[in-house]
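Right, one structure below, let's go through it.
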Amino acid sequence: MTAVWEAVPVAMPRGGGLLWVDDLCHLGPDYLARYFRPQHQGIAPRVLALALRGAAPEVADHVLAHAAPELAAAVRAHGAVDTNRAEVLQAQLAVASVYFWEMAYHGYPEVYERFSARQQPPLDEMFPPETYRGRTVLDVGTGGGRLLVHLDGHAAELYGIDPCPPLLGIAGTKVPGAILREGGFDRLPLADASVDAVISHGAYQISEERGGLAGLAEIRRVLRPGGTARIAVAKAETARHLRSTGATEIPVRGAIEWTAPPKTEDPLLHHLLRLARVAFGEDGRATTPVWLFEVG
Ligand SMILES: C[S@@+](CC[C@H](N)C(=O)[O-])C[C@H]1O[C@@H](n2cnc3c(N)ncnc32)[C@H](O)[C@@H]1O
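Per numbering that gives the first Met the number 0, residue 0 is the first one in the sequence shown, and the count goes up by one each step.
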């Protein structure tokens with residue numbers, strides 16, 4: 000029997016750089032099938048159902064057509080439970096908060112790239128180019144290719160992996176020689192023992208599909224004997240998690256240095272800066288911490 004699905008029309012909040020549930024349309028079929036696991040981020044199927052019932056019908060169809068079948072079935076089972084607009088908006092806020100960054104990466108990659116350009120991590124300290132000279136290096140969660148640019152001309156061979164095709168497109172224009180593939184920490188599209196070094200900046204997260212212990216196991220699988228992996232993270236919670244896995248922490252003297260964008264920049268870019276908790280001083284500069292771990 001097909002589950003009943005009743006839409007609940009609500010007005011989508013708009014403006015000020017806000018992304019909302021309709022922006023889930025930017026997540027492609029492959030991403031939805033492989034990485035869309037809201038239940039791992041505290042979003043129960045009922046909450047996702049309420050959020051999608053208030054979305055544009057074509058967005059709800061898109062998400063449910065491509066999400067993992069068990070998730071789609073669990074969501075559809077809540078397709079007609081009693082609800083009201085306030086509850087639907089609350090559910091949408093929860094979903095939009097969890098997927099805000101992914102919706103920005105996939106839907107507004109140029110704006111995300113300009114946001115990214117506002118930050119200067121201490122790359123020479125964390126990933127000294129001479130360390131990677133002549134080696135085969137894999138950057139996981141390469142995004143717009145920040146680390147690939149950093150090691151271009153030093154590493155013998157550069158691989159960049161990311162689940163976001165639009166960001167990979169941007170990385171490809173910056174480092175045409177890099178080998179770019181869709182994928183993620185959960186399943187690196189490389190053979191066992193095929194790289195000398197793995198690097199990652201700002202991409203590793205705690206959940207298994209975004210990193211976690213499975214991600215560390217994947218890193219070890221693709222490393223050649225004696226190879227090293229360095230993972231930089233910008234969240235204290237992720238750093239605590241990595242410490243708990245037994246990864247070796249490497250003290251970082253520097254910090255991520257930010258420069259403020261002009262007021263005329265896209266409101267989404269300003270919003271991303273707020274979400275990243277970047278507080279600029281009078282001089283238009285800010286710093287945020289970064290933690291570095293070695294996994295062997
Ligand atoms: C904050 S950005 C960092 C990008 C880049 N490393 C940099 O330093 O600018 C996070 C990146 O992680 C990617 N990502 C999301 N899920 C991922 C996963 N499961 N495995 C690997 N990367 C993932 C995103 O698509 C995005 O490009």
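Beta carbons are placed, not taken as given, at the ideal position from N, Cα and C, and that holds for glycine. Quick caveat: nothing in here was measured; it's all calculated off a predicted structure.
I need the boundaries of the alpha helix (DSSP H) containing residue i, first residue and last residue.
i, result
"Glu181", "Element bounds for Glu181: not the alpha helix (DSSP H) but the beta strand (DSSP E), Ile178 to Glu181."
"Leu47", "Pro44 to Arg52"
"Leu70", "Pro68 to Arg75"
"Glu57", "Pro56 to His65"
"Ala190", "That residue, Ala190, is in no alpha helix (DSSP H); it is neither H nor E in DSSP."
"Pro28", "Pro28 to Tyr34"
Taking the beta strand (DSSP E) that residue i belongs to, which residues open and close that run?
i, result
"His200", "Val194 to His200"
"Arg284", "Arg284 to Thr287"
"Val294", "Trp290 to Val294"
Using the C-alpha atoms, what's the distance from residue j back to residue i?
i, j, result
"Val3", "Leu187", "38 Å"
"Ala202", "Thr141", "8 Å"
"Ala246", "Thr227", "11 Å"
"Met0", "Pro68", "Legend: pLDDT at Met0 = 49, less than 50; position of this residue unreliable, value from coordinates given subsequently. When rounded, the distance between both Cα atoms is 15 Å."
"Arg209", "His25", "18 Å"
"Arg284", "Ala64", "44 Å"
"Asp21", "Val139", "28 Å"
"Gly27", "Asp185", "18 Å"
"Leu122", "Leu167", "20 Å"
"Gly143", "Ile169", "5 Å"
"Gln38", "Gly15", "28 Å"
"Ala127", "Glu207", "The question names Ala, but residue 127 is Pro in the sequence shown. Answer to the nearest angstrom: the Cα atoms are 29 Å apart."
"Val174", "Asp161", "15 Å"
"Thr172", "Gly78", "43 Å"
"Arg145", "Glu112", "10 Å"
"Gly106", "Glu248", "34 Å"
"Leu88", "Val9", "7 Å"
"Val62", "Leu23", "7 Å"
"Ile205", "Ala213", "10 Å"
"Arg252", "Ala73", "47 Å"
"His149", "Gly159", "12 Å"
"Ser193", "Glu264", "42 Å"
"Ala71", "Met11", "23 Å"
"Val136", "Arg223", "11 Å"
"Val41", "Ala48", "With the sequence shown as reference, residue 41 is identified as Gly, and Val is not the correct amino acid for it. Taking the straight line joining both Cα atoms gives about 14 Å."
"Met125", "Tyr30", "30 Å"
"Pro120", "Thr286", "9 Å"
"Ala90", "Val46", "5 Å"
"Ala43", "Arg36", "10 Å"
List the residues that DSSP assigns as beta-bridge partners of residue i.
i, result
"Gln204", "Gly210"
Checklist entry - Which full runs of the alpha helix (DSSP H) of 4+ residues lie inside the stretch 91–166, going along the chain? => result Correct list: 108–116, 122–125 and 145–150.
Checklist entry - What alpha helix (DSSP H) runs, 4 residues minimum, are completely inside the stretch 218–265? => result The stretch 218–265 contains these whole alpha helix (DSSP H) runs: 235–243.
Checklist entry - Should the stretch 262–269 be regarded as contacting the stretch 288–295, the criterion being three or more beta carbon pairs within less than 8 Å? => result With a cut-off of 8 Å, the stretch 288–295 and the stretch 262–269 do not count as touching, because too few Cβ pairs lie within range.
Item to check | Stretch pair the stretch 136–155 + the stretch 89–99: three plus CB contacts closer than 8 Å | outcome: No, they do not touch.
Checklist entry - Touch check for the stretch 174–183 and the stretch 114–122: three-plus C-beta pairs under 8 Å? => result Counting Cβ pairs under 8 Å, fewer than three are found: no touch.
Checklist entry - Quick check: the stretch 231–238 against the stretch 77–85, are there 3 or more CB pairs under 8 Å? => result In this structure the stretch 231–238 does not touch the stretch 77–85; the number of beta carbon pairs closer than 8 Å is below three.
Checklist entry - Taking contact to mean at least 3 C-beta pairs separated by less than 8 Å, is the stretch 220–236 in contact with the stretch 195–211? => result In short, these stretches touch, since the Cβ pair count reaches three.
Next on the checklist: Under 8 Å, with one C-beta from each stretch per pair, do the stretch 274–286 and the stretch 243–262 reach the 3-pair mark?
Outcome noted: Touching, per the Cβ criterion.
Checklist entry - If we count Cβ pairs, one from each stretch, closer than 8 Å, do we get three or more for the stretch 41–61 versus the stretch 124–133? => result The stretch 41–61 makes no contact with the stretch 124–133, as fewer than three CB pairs between them are under 8 Å.
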